[in-house]
Amino acid sequence: MLLDMSPVGIFEMRPENGTLLRTNHFLTPTPATGEKTWLYQPDSGERYDFVRDRLARRQPPTTADELADFLVTGAGEPPVTCLPDPDLPLGQRWASLATVTLEPATRTARILDGTPADIGVRDWRVLTAG
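Using the working numbering, the letters of the sequence shown correspond one by one to residues 34 to 163.
(1) Go through its chain and collect everything with a Cβ distance to THR134's Cβ below 6 angstroms, but skip five positions before and after it.
(2) Are there three or more Cβ pairs, one per stretch, closer than 8 angstroms when the region 73 to 83 is compared with the region 45 to 56?
(3) What's the gap between the Cα of ASP156 and the Cα of ARG126?
(4) How many angstroms separate the CA atom of ARG80 from the CA atom of ASP151?
(5) Leaving aside the five residues before and after ASP146 along the sequence, list all residues of the same chain whose C-beta is less than 7 angstroms from its C-beta, in chain order.
(6) Report the residue from THR66, VAL41, ASP86, LEU60 whose alpha carbon sits nearest the alpha carbon of GLU110.
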């Protein structure tokens, strides 16, 4: 179950084609009404639509290691994963710091120190609730 949690309440989100997809904006109507997406996450909708379109055209990933194909983008695409550009000035070198997958059925969290572009290069930390 995925939830939109906001000061106005908690709202359950439904899977789309069996997949729960999330970026940084509210996806349920009540909290979305007052959200300032233009200020706090201006490209969140673009990133959501981009990944949703990728999922519609391909088989969804079945393992955490297959996520990179869905989350790493290139030039001219919405920055689903922020990869730092060392040529940019300080303060503009945005980077995703961690990749986290949650597997409720197995009560497992996998944490990667880095972006989805680092999948296969770095090791996952695996936490299992007992």
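Ideal placement from N, C-alpha and C gives every residue a C-beta, glycine not left out.
So, from the listed chains and residues:
(1) ALA97, ARG143
(2) yes
(3) 24 angstroms
(4) 19 angstroms
(5) ALA131, ARG155
(6) ASP86
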